[in-house]
Every structure is written in structure tokens, then in C-alpha cells.
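Per our numbering, the very first residue in the sequence shown carries number 5; after that it's consecutive. Here is the structure we will look at.
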Amino acid sequence: MLEMLMQWYRRRFSDPEAIALLVILVAGFSILFFFSGLLAPLLVAIVLAYLLEWPTARLQAIGCSRRWAASIVLILFVGILLLMAFVVMPIAWQQGIYLIRDMPGMLNKLSDFAATLPRRYPALMDAGIIDAMAENMRTRMLNMGDSVVKYSLASLVGLLTLAVYLVPLMVFFLVKDKEQMLNAVRRVLPRNRGLAGQVWNEMNQQITNYIRGKVLEMVVVGVATWLGFLLFGLNYSLLLAVLVGFSVLIPYIGAFVVTIPVVGVALFQFGLGTEFWSCFAVYLIIQALDGNLLVPVLFSEAVNLHPLVIILSVVIFGGLWGFWGVFFAIPLATLIKAVVHAWPDGQVTDASS
Numbered sequence: 005m006l007e008m009l010m011q012w013y014r015r016r017f018s019d020p021e022a023i024a025l026l027v028i029l030v031a032g033f034s035i036l037f038f039f040s041g042l043l044a045p046l047l048v049a050i051v052l053a054y055l056l057e058w059p060t061a062r063l064q065a066i067g068c069s070r071r072w073a074a075s076i077v078l079i080l081f082v083g084i085l086l087l088m089a090f091v092v093m094p095i096a097w098q099q100g101i102y103l104i105r106d107m108p109g110m111l112n113k114l115s116d117f118a119a120t121l122p123r124r125y126p127a128l129m130d131a132g133i134i135d136a137m138a139e140n141m142r143t144r145m146l147n148m149g150d151s152v153v154k155y156s157l158a159s160l161v162g163l164l165t166l167a168v169y170l171v172p173l174m175v176f177f178l179v180k181d182k183e184q185m186l187n188a189v190r191r192v193l194p195r196n197r198g199l200a201g202q203v204w205n206e207m208n209q210q211i212t213n214y215i216r217g218k219v220l221e222m223v224v225v226g227v228a229t230w231l232g233f234l235l236f237g238l239n240y241s242l243l244l245a246v247l248v249g250f251s252v253l254i255p256y257i258g259a260f261v262v263t264i265p266v267v268g269v270a271l272f273q274f275g276l277g278t279e280f281w282s283c284f285a286v287y288l289i290i291q292a293l294d295g296n297l298l299v300p301v302l303f304s305e306a307v308n309l310h311p312l313v314i315i316l317s318v319v320i321f322g323g324l325w326g327f328w329g330v331f332f333a334i335p336l337a338t339l340i341k342a343v344v345h346a347w348p349d350g351q352v353t354d355a356s357s
């Protein structure tokens, strides 16, 4: 048994490049695990730098210097963000306030509907249990609304500071001085990093495609959902569309969770009539087109992962690193798959021969 373990160890860890890759992975995961909160602005800047690298490279290709290309792209990007901040976000914020204000009425209507269930199905429903569940849900939702408002107001100044000053500066220097930054990182890495370089080259393209595809998917799904909700005059249409757009960041789970407020608002406004079912059908069609048409087109170069692996990745990495773990769940799962496939499986010869 011990000899088998020793042979497995020599086969898997005899290559110096494999040891170097293992050291890099352990160091990287440890830094993210212990300092993810402090590194949040840097992670935001890195994501945006990946997003802006493509237009910057295109401007360079037509003769623009790296400095001017990065400046032009960043100015255009900040302009788009400011347009969203002053046009889209105030409307979504106002609709969020209206939704919190109307939530007690929605809960009362839901409670009244639930109260009729024991009379309709006396063998299955107990009036006491229904009342207790309705009261518990009402209390939780009201507390959640208060917490959201308090957190939003308390964190607004800090978020604006990061968004307006710190992150754009970091993005500019990451894009402008990309090669200098990479050379500085290479100098602190182990020399036997050929295997790590192979994995990095594969993952770098994967991350680029993933971030660009996710942003485009968020925009397309959000805009399509907003237009669909406007068609039926659904209340809080922009707020719900923004939530649906962000839900694509969490595969499978996000779509399920965001469906609850969509159904709740539509049910409260339309009842179980034709408008409700038509609106819900349009929403389901958008979700189906996203999963079966848009995602395959945008992520055609991504490594295929089983849905169960994706869900487990979201749960595990989300538990480790919160939002960023959820956002990078698929690239991290792809990284693990790439490492497993690239890891050397050296044939160990018998020492006695």
C-alpha cells in the first residue's frame, strides 16, 4: 500500500513544473480567501480591464498609441456609466422605493388568498399553519425591506467613491501598462512555470470570452425583458428587468430566484387572468432564448461543463468568496478542469530494474 502511494506521488509530483503550478495555485487561492474583501476594488478593476482590452487593442491596431487608446476607451466607458447612473439608476431606485412601499399590500393580498386555501382544501391545509406562515413571511419581508434601504443609504457614499475615483484610475493603469504589470508578476513567479504558463494562456482567453459574453448577455436579457414588461405595462418594469439582467451572473440559480419577484408583482397586478399568463409566457420565452440560443452563441469557445458542476461551483466558490466567487464560478471550474487535464502523469519506472 505504501509503495503504491509512493509511486502515485512520484508520478504526479516528480515534475518541477507541476510543483511550481501547485505553489502558484495555493498562493493565489490563499490570497483571495483571506484578502478578498480588501481586494474587491482591484477585482472590479481587473474585470473592467478585461472588458476594455478588446477595444483598446483594436485602436492600437489602427495606429493609436497604447496610452491614447486606453484613454479614449476609458472616457467612452465612463460616459456610458454616467449615462446609466443619471438615467437608468434613478428610475430603478424610485421603482424600488415604490415596491417596498407597496409590499405590505401585496403581502396582505397573498395572506387573503392563502386564507381561502383551508376552505378549498380542508384535508390538505390547516388554517393555523397558513396564518403562521403568512405572518412570518410578512415580518421577514418588511425587515428585509428596511435592511435594504438602510444598507443602500449607508453604502452609497462608499460605492460612489470607488466608482468615481479609485476603480477608473486602476482600470486606466491596468490597461495602459498591461505589459509592465505582467512582467512584474512574472518576476515573482517560480522559474519552472512552463506548465503554469500553458494553463494561464488557456484560461486568459477563457476569462476574456467569459467576461465579455456575460456583460453582453446581461445587457441583451435585461433590455429584452424590459421591453417585454413594458408591452404589458407591468409595474416596476425597469427594476425587475435590471434584476433579471443581473440574474444571468448566477447560472440556473439566478433565473429561479428572480422569477419569484417577477411572478409576485405580475400576480398582484393582473391576478390569474390572461394578462398574467401572457406576461409570464413572454418572460419564459426570453429565458428559453437566453439559455438555448444566446448562451451557446456567446460562449461557444468556453469549455463545456455539466450543469451539476456549474451549480456546485456557484455554491462552493460563492460560499468562499461571496459575489466574486459566484461571478467567477465558471472560470474557476474551468481552471480546475484545465489544471487536471494539463497535470503531468509521468510513468514511474521500477527502482529495482
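Just so you know, even glycine gets a beta-carbon here, dropped at the ideal spot from N, CA and C.
- The stretch 240-247 makes no contact with the stretch 290-300, as fewer than three CB pairs between them are under 8 Å.
- Residue environment analysis places Ile-290 among the buried positions, since at least 16 neighbouring C-beta atoms fall within 10 angstroms of its C-beta.
- Apart from sequence neighbours up to five positions away, the residues of its chain that approach Gln-99 with a beta-carbon distance below 7 Å are Tyr-240, Leu-242, Leu-243, ordered along the chain.
- Collapsing the DSSP output to three states places Asp-116 in a helix.
- In the three-state scheme derived from DSSP, where H, G and I count as helix and E and B as strand, Ile-95 is classed as helix.
- Taken atom to atom, the span from the alpha-carbon of Leu-234 to that of Phe-90 is near 21 Å.
- Short of 8 Å from the beta carbon of Val-77, and not among the five residues preceding or following it, lie these beta carbons of its own chain, in chain order: Leu-56, Pro-59, Thr-60, Leu-63, Val-179.
- Distance from the CA of Val-343 to the CA of Met-88, rounded to the nearest whole angstrom, comes to 39 Å.
- Assigned with DSSP and collapsed to three states, Cys-68 falls in coil, not helix or strand.
- For Gln-210 against Pro-335, the beta-carbon gap comes to about 6 Å, under 8 Å, which counts as contact.
- No residue range can be given for Leu-42, since it is assigned to no alpha helix (DSSP H) and is classified by DSSP as neither H nor E.
- Ala-44 and Ile-35 have their C-alpha atoms some 12 Å from each other.
- Val-189 is not a Cβ neighbour of Ala-346, given a cutoff of 7 Å.
- The closest CA to that of Gly-295, considering only Glu-279, Lys-113, Phe-280, Ile-257, is found on Ile-257.
- Counting the other CB atoms within 10 Å of its CB gives Gly-249 a total of 16 or more, which places it among the buried residues.
- Taking C-alpha positions only, Phe-321 is separated from Leu-309 by approximately 16 Å.
- A buried status is given to Pro-255, since no fewer than 16 other beta-carbon atoms sit within 10 Å of its beta-carbon.
- A residue is called buried when at least 16 other Cβ atoms come within 10 angstroms of its Cβ; Ile-215 meets this threshold and is buried.
- Measuring C-alpha to C-alpha distances from Val-269 to each of Leu-111, Asp-116, Tyr-169 identifies Leu-111 as the nearest.
- Using a 10 angstroms sphere on the CB of Trp-281, the tally of other CB atoms stays under 16, which defines it as exposed.
- When C-alpha distances from Val-252 are compared across Arg-70, Leu-293, Glu-7, the shortest belongs to Leu-293.
- Taken atom to atom, the span from the alpha-carbon of Leu-316 to that of Tyr-102 is near 36 Å.
- Per DSSP, the continuous alpha helix (DSSP H) segment holding Tyr-287 begins and ends at 278-293.
- Residue environment analysis places Glu-221 among the buried positions, since at least 16 neighbouring C-beta atoms fall within 10 angstroms of its C-beta.
- When the Cα atoms are used, Val-267 and Phe-284 turn out to be separated by approximately 7 Å.
- According to the DSSP assignment, Ala-337 belongs to the alpha helix (DSSP H) that extends over 333-346.
- Rounded to the nearest angstrom, the Cβ distance from Ala-337 to Val-319 is 11 Å, too far for a contact under 8 Å.
- DSSP places Ile-254 outside both helix and strand once states are collapsed to three, so it counts as coil.
- Rounded to whole angstroms, the Cβ separation of Phe-37 and Leu-339 is 15 Å, and the two are not in contact under 8 Å.
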